[in-house]
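**Q** Residue numbers (this note's numbering), protein chains in the order written: chain A, 1 to 396; chain B, 1001 to 1680. Quick one: this structure, given as structure tokens, is what I'll be asking you about.
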């Protein structure tokens, strides 16, 4: 039987606060799957027109799918969140771009007519699951020199990017990071970030606390402070904790629906998915990923970079963001199109969750800027990939 | 004094649209297996926490909650035996009242977020808050105080009736407590009006914060029905009559609680608290309270780690055999099937017996399914696990075989000898005897070390006790496996030496001998039953005899007469009762059976005893018997005697089983010149 493809809309996007990974982090005693449950329930609560049994799939990503992120989390969280048993669920992994991939996978289900409404997202409790936990890399990687030894250490790949682009100095990277912190502070002070965070009461050693704000932002950051930080990945290196995104715990998710489902249920769409693309790069310079991915998606969408009003780039490292800006001729260091509410250097980067955080930011930017038409969410991925999704403002 | 595991009160703050809310967490630093309790250290921590909150600017409301799965379960019982004087007891009561009163007096809304188990002082601190939310995940809401010889004396006896009225308060404080500490669920507590809101566990605290914000904003309105005290006297009279029927004036706590509930409608909170102080002052140091705390500890802790069980891994039990498809065999097969869900083979000597047994199992299992205790869809499969047979060969691959044939030594020896030809070397042979010697039963077997006694109590599905009897040759492996099986079928097992009639029957029958003596001397059955009801057993002796069956009672007695002719004998009147085939000394109208009355022979003229004399003679006899049993090493200590009496004969907590009562009533010193539990 012939069929038509469906347009896919993002109806809502929400996240938990992002905590610092480790025992001192607010989420240390909280399970990753419980964070996912909180996001799922927040999406349903914020969109009461949606009967829970209408959710056609629950798609969740995590990089380390074991322990509290294991056991087909997409399915377990259906039950834990109190969704009807009839709702199916799936787990997905594309490392840092897990959440982005979950959203694209769910969108594809809707686009081909296999689903009307999906919840998708990503979680990473890096306190419970340090990157690479339990992994057993194939010895051929090293024996056959398939990758550079630095490829598995994300900070080292960032140093490699500085090598590749000697014109990007440490000072530039620090400056980028400082602007990021300032933009994030401004957005918080204006109450923007709070709109995207669902407060969650969590158990800690000191009793129950409400996790309602990110732990990582350092609004007081100065160039002097950044200059003297250690460069843990190399002697006389350029990558520091100050110009990187950090290790975090967090979950973020989106509610996606077909045009028809939005109309039927009265769901208010925020943006339309135009197209998406993933592209590979050499693992040792994985931070380049967004560049080929963005080129690819622009080409598929038959668009130019300048058609984009906003770019939400997951700045795993400042150097990678600057390389992206250089490539596409953006204004350094504070192009108003790029991460206007700040980015991962301030908020943190709980791997698989970040893709959906970017979508939350872009959706809010569209809401607040009705004149904006197109936007991009893009990110780099460990082991050398980039992901890029183009969205159209649907709030008008 | 056992060190107090202090429950700390930890304050955190959250900024909301309605302002700053303090979130206070009660946490003793352990997981749910060690619930939060309150001792004086906990009270001090609460006071310090309230001081910190008072110093914090702009607090608009306070939420009080527990650690995961636990709100708080009341006072730290370990401290109770250390309180020696009434003054000390009153000061403990006052310390709790004073701290909880501080919560009541806070100038802003306070909300107890009952996230988990809530009992006693935990429920009282919740009642001290203005509002309560409760999670649907809560399964344990209770005021167990009257069950352990206390009253809810940190405000509960006053505040609960003021909140939900005397009828429901009596239900929780008296009826549920005395009904083996029955607990209610979070949903039931909400429906009774104890909590104002019921939320799902998944976002319980987030929902409670939203509720609190709503209270502050005025968007949440809490409406409670006015408590109805119009018929408080009638309600309290009825409750008191029920208590009387249960404890016969022997346990003071429930009476004291009813006294306060009766007044709760007309007195102020402070007046109520003062009455509670006074009551706790008397009760904390009472013998009944100490005995109850002792009993509670026995049942909660000692029963879970039976004394004398050897170390080692149990053998796997993947298939169970039952010899004898009579009522006992069928009950046992049902129990094993329900609890262990393994294939069961039930053997008898005639097909009609087997069929009757299978029919019983099917009927019982179907009843369980109808009550929702077994999934209906699972029932046919479970029933398919049971197989009836006439052939020992079908028991060949059973790992554990229990016999429930007639109580006859030669018959039991015969079936075990026949069985041994078929089963594997490691198969365990258990005997469900109530009085025969395990050692003797095993003596002619090739492998006597595999025989163990499993003495259940009727009704098997209800009474939790299992006396596990070690014969002279029973080996450690058999014993370890036997205790593992006991745990799997949900029984509390006590290790008993192979001695005549084991524990519970030996003691009950020693008392029965005295009771028949009293009848033979010319006291009526009624007089004896009424006098001895005060001992606190679930039913008086001649009612119990009807339940057990006079023939079985006499049979068990015969074993003891043979073993201890100096102390045990069988009344001719009992013999007659059995010969006539009567099920009870009483007829259906509750009077002595007319036919039996005609043949009853008692002393003429009758030698009447006072109720106190009847109690004295019974208690002195049982004191003597317990001392002998401990001397013989029948069980590890008086604690095991008490566990058996509580779990197997339903003796009350306030008696401490039995030995604590014999101590505090003075019988042990009178008979033995010493107590079973010497003061430390």
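For every residue, glycine included, the Cβ atom is placed at its ideal position computed from N, Cα and C. Here the structure is a predicted model, which is why all the values come from computation and not from measurement.
Which partner residues does residue 249/A have in the DSSP bridge list?
**A** 19/A and 125/A
**Q** Is there a C-beta anywhere in chain A that falls below 7 Å from the one on residue 1027/B?
**A** yes
**Q** Determine, using beta carbons only, whether residue 160/A and residue 285/A come nearer to each other than 7 Å.
**A** Result yes, Cβ atoms of residue 160/A and residue 285/A sit closer than 7 Å.
**Q** Identify which residue in 1478/B, 1454/B and 1473/B has its Cα closest to the Cα of residue 1467/B.
**A** 1454/B
**Q** Assign residue 394/A to one of three DSSP states: helix, strand, or coil.
**A** coil
**Q** For chain A, check one thing: does any of its Cβ atoms lie closer than 7 Å to the Cβ of residue 1206/B?
**A** yes
**Q** Who are the neighbours of residue 1065/B on chain A, taking C-beta pairs under 7 Å?
**A** Correct list: 208.
**Q** Mind pulling the chain B residues with CB within less than 7 Å of residue 37/A?
**A** 1202
**Q** Take residue 1540/B and list the residues in its own chain whose beta-carbon comes closer than 6 Å to its own, dropping the five residues that flank it on each side.
**A** Sequence-distant Cβ neighbours of residue 1540/B in its own chain, meaning closer than 6 Å and more than five residues away, are 1529, 1532 and 1533.
**Q** Counting contacts by CB-CB distance shorter than 7 Å, is residue 1068/B in contact with chain D?
**A** The question asks about chain D, but that chain is absent: this structure's protein chains are A and B.
**Q** What residue from 307/A, 306/A and 276/A has the CA that sits closest to residue 292/A's CA?
**A** 276/A
**Q** With H, G and I counted as helix, E and B as strand and the rest as coil, what does DSSP make of residue 1154/B?
**A** coil
**Q** Within 7 Å (strictly less), CB to CB, does residue 1217/B reach chain A?
**A** By this cut-off, residue 1217/B is not an interface position.
**Q** DSSP three-state label for residue 1619/B, please.
**A** helix
**Q** When burial is assigned at 16 or more other CB atoms within 10 Å of the CB, is residue 1411/B buried or exposed?
**A** exposed
**Q** With 16 other CB atoms within 10 Å as the buried threshold, where does residue 76/A fall?
**A** By the neighbour-count rule (16 or more Cβ atoms within 10 Å), residue 76/A is buried.
**Q** Tell me whether the beta-carbon of residue 1036/B lies closer than 7 Å to the beta-carbon of residue 1066/B.
**A** yes
**Q** Which one of 1398/B, 1393/B and 1416/B has the shortest CA to CA distance from residue 1404/B?
**A** Of the candidates 1398/B, 1393/B and 1416/B, the residue whose Cα lies closest to the Cα of residue 1404/B is 1416/B.
**Q** Out of 1672/B, 1669/B, 1670/B and 1638/B, state which residue places its alpha-carbon closest to the alpha-carbon of residue 1658/B.
**A** When each option's Cα is compared against that of residue 1658/B, the closest is 1638/B.
**Q** Are the C-beta atoms of residue 30/A and some chain B residue less than 7 Å apart?
**A** Among the residues facing chain B, residue 30/A is not included, as its CB has no counterpart in that chain under 7 Å away.
**Q** Name the two residues that bound the continuous alpha helix (DSSP H) containing residue 1047/B.
**A** 1040-1055
**Q** Whole angstroms are fine: how far does the CA of residue 1583/B sit from the CA of residue 1423/B?
**A** 39 Å
**Q** Residues of chain A with CB closer than 7 Å to the CB of residue 1012/B, please, in chain order.
**A** Chain-ordered, the chain A residues with CB closer than 7 Å to the CB of residue 1012/B read 206, 207, 208 and 209.
**Q** Are any of the Cβ atoms in chain A nearer than 7 Å to that of residue 1134/B?
**A** no
**Q** Which one or two residues does DSSP pair with residue 1026/B in a beta bridge?
**A** DSSP output for residue 1026/B lists 1009/B as bridge partner(s).
**Q** Using beta-carbon positions only, say whether residue 1428/B and residue 1389/B come within less than 7 Å of one another.
**A** Residue 1428/B places its beta carbon 7 Å or farther from that of residue 1389/B.
**Q** Against residue 1361/B, what residues of chain A qualify as contacts under a CB-to-CB distance less than 9 Å, listed in chain order?
**A** For a Cβ distance threshold of 9 Å, nothing in chain A lies close to residue 1361/B: the least Cβ distance comes to about 33 Å.
**Q** Would you mind reading off the limits of the alpha helix (DSSP H) that contains residue 162/A?
**A** Residue 162/A: member of the alpha helix (DSSP H) spanning 154-164, first to last residue.
**Q** By the 10 Å Cβ neighbour count, where 16 or more other Cβ atoms means buried, how is residue 1642/B classified, buried or exposed?
**A** buried
**Q** Report the partner residues of residue 273/A according to the DSSP bridge assignment.
**A** 391/A
**Q** Starting from the C-beta of residue 99/A, find all residues in its chain whose C-beta is less than 7 Å away, skip the five residues before and the five after it, and write them out in chain order.
**A** For residue 99/A, the CB contacts under 7 Å within the same chain, skipping 5 residues up- and downstream, are 61, 121, 122, 252, 352, 353, 354, 355 and 356 in chain order.
**Q** Taking only the alpha-carbon atoms, compute the straight-line gap between residue 214/A and residue 1155/B and give it to the nearest angstrom.
**A** Cα atoms of residue 214/A and residue 1155/B: separation of roughly 42 Å, rounded to the nearest angstrom.
**Q** How close, in whole Å, do the beta carbons of residue 1108/B and residue 1061/B come, if the pair is a contact with beta carbons under 8 Å?
**A** 5 Å
**Q** From residue 1596/B to residue 1579/B, what distance separates their C-alpha atoms?
**A** 11 Å
**Q** Mind checking who residue 374/A pairs with in its DSSP beta bridge?
**A** 392/A
**Q** Considering only residues of the same chain and omitting the five flanking positions on each side of residue 255/A, which have a CB-CB separation below 7 Å?
**A** 11, 12, 43, 47 and 119
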